[in-house]
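Report on the following structure.
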Amino acid sequence: VAAIRTLHMRGANVTMPCKNAVIPFLDELTPAARAIQAVNTIVNEDGVLVGHNTDGCGYTQNLRRNGIEVEGKKIVLLGGGGAASAIAIQAALEGAAEIAVFNLRDAFWPRVEQGLKTIAQAAPGCAISLRDLEDRAALKAAIDRCDILSNATRVGMAPYEDQSNITDGSWYRPDLVVTDVVYAPPETKMLREARAAGCKTCDGLGMLLCQGAEAFRLYSGLEMPVEEIRTLLYT
Numbered sequence: 001v002a003a004i005r006t007l008h009m010r011g012a013n014v015t016m017p018c019k020n021a022v023i024p025f026l027d028e029l030t031p032a033a034r035a036i037q038a039v040n041t042i043v044n045e046d047g048v049l050v051g052h053n054t055d056g057c058g059y060t061q062n063l064r065r066n067g068i069e070v071e072g073k074k075i076v077l078l079g080g081g082g083a084a085s086a087i088a089i090q091a092a093l094e095g096a097a098e099i100a101v102f103n104l105r106d107a108f109w110p111r112v113e114q115g116l117k118t119i120a121q122a123a124p125g126c127a128i129s130l131r132d133l134e135d136r137a138a139l140k141a142a143i144d145r146c147d148i149l150s151n152a153t154r155v156g157m158a159p160y161e162d163q164s165n166i167t168d169g170s171w172y173r174p175d176l177v178v179t180d181v182v183y184a185p186p187e188t189k190m191l192r193e194a195r196a197a198g199c200k201t202c203d204g205l206g207m208l209l210c211q212g213a214e215a216f217r218l219y220s221g222l223e224m225p226v227e228e229i230r231t232l233l234y235t
């Protein structure tokens with residue numbers, strides 16, 4: 001990290017397992033990165049190293065490019081890990097009305113619970129709740145009243161390509177937006193079934209592209225040619 005200053009680098013990207021470990025070496029954090037204590041982009045602002053997390057921006061910008069704003073929306077978020085935390089804080093900061101998080105009640109439950117409390121403090125205007133993913137009645141009730149359903153778990157990627165957290169296709173409806181953070185395969189079983197039910201869908205590849213575009217903007221001050229790159233990615 002010290003080499004970023006020494007070599008006058010504009011910045012660097014960080015991935016697991018260093019997203020948390022890098023924080024003590026930075027000078028400042030953005031509100032989103034501070035709330036979830038995770039950094040994936042470092043920007044050198046004249047010797048001041050600022051930690052950003054562009055994952056959440058990738059999520060909201062991918063939605064925006066598909067004509068969807070999170071402001072005022074009710075979101076059901078499946079998962080409580082790093083991707084889910086980044087999505088939750090960014091959506092909350094951008095004015096989401098409610099975020100209902102459903103996660104497995106496992107050994108990580110207390111950490112997820114504490115993380116959501118921190119997010120709620122950073123964005124008090126958003127109602128944030130945590131329920132057990134195995135409580136199917138509560139999950140269905142939440143989906144019935146939400147605007148956006150987002151998968152932020154590993155379900156859908158290898159070796160779970162033939163699985164979905166939503167096992168009953170009747171839960172989908174045409175006015176529901178369904179998103180997935182999984183980008184390989186480009187269309188997960190969840191997205192495929194949601195699209196077949198008439199839902200608008202946004203895939204993980206679009207989110208990946210948009211978070212990279214945000215990092216590029218932070219480094220260069222320029223807009224990445226997202227649509228040109230998207231065309232190359234999807235062909």
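Numbering-wise, the UniProt record's numbering puts 136 at position 136 of the sequence shown, and it's gapless, one number per residue.
Just so it is clear, CB atoms sit at the ideal spot from N, CA and C, and this is done for glycine as well.
Under 8 Å between the Cβ atoms of residue i and residue j?
i: Glu161; j: Pro186; result: no
i: Glu71; j: Ala100; result: no
i: Lys74; j: Glu98; result: yes
i: Leu78; j: Ser170; result: no
i: Asp132; j: Arg105; result: yes
Counting only the same chain and skipping the five closest in sequence on each side, list residues whose C-beta sits under 6 Å from that of residue i.
i: Tyr59; result: Ile87 and Met207
i: Val182; result: Gly156, Met157, Thr188 and Gly204
i: Thr179; result: Ser150 and Cys202
Can you give me the start and stop residues for the beta strand (DSSP E) that residue i sits inside?
i: Arg131; result: Ala127 to Asp132
i: Ala12; result: Gly11 to Asn13
i: Ser170; result: Element bounds for Ser170: n/a, residue is neither H nor E.
i: Gly51; result: Val48 to His52
i: Ile42; result: Thr41 to Glu45
i: Asn62; result: No beta strand (DSSP E) holds Asn62; the alpha helix (DSSP H) holding it covers Asp55 to Arg65.
i: Asp144; result: Asp144 -> not in any beta strand (DSSP E); alpha helix (DSSP H) instead, spanning Arg136 to Asp144.
So, is residue i buried or exposed, given that buried needs 16 or more other C-beta atoms within 10 angstroms?
i: Leu7; result: exposed
i: Asp175; result: exposed
i: Val39; result: buried
i: Leu232; result: exposed
Apart from the five residues just before and just after residue i, which ones in its own chain have a Cβ nearer than 8 Å to its Cβ?
i: residue 236; result: The structure shown does not extend to residue 236, since the chain is modelled only from 1 to 235, so the question has no answer here.
i: Ile68; result: Ile148, Val177, Lys200 and Cys202
i: Arg5; result: Asn44, Gly47 and Leu49
Using a Cβ-Cβ cutoff of less than 7 Å, which residues in the same chain neighbour residue i once the five nearest sequence positions on both sides are dropped?
i: Tyr219; result: Arg10, Gly11 and Val43
i: Ala33; result: Val39, Gly51, His52 and Asn53
For residue i, which of the options has the nearest alpha-carbon?
i: Ala35; options: Ile23, Met190 and Asp46; result: Ile23
i: Arg230; options: Cys126, Gly79, Met190 and Arg65; result: Arg65
i: Cys18; options: Ala32, Phe108 and Thr41; result: Thr41
i: Glu228; options: Ala215, Arg217 and Leu209; result: Leu209
Give the range of the alpha helix (DSSP H) segment to which residue i is assigned.
i: Thr118; result: Trp109 to Ala122
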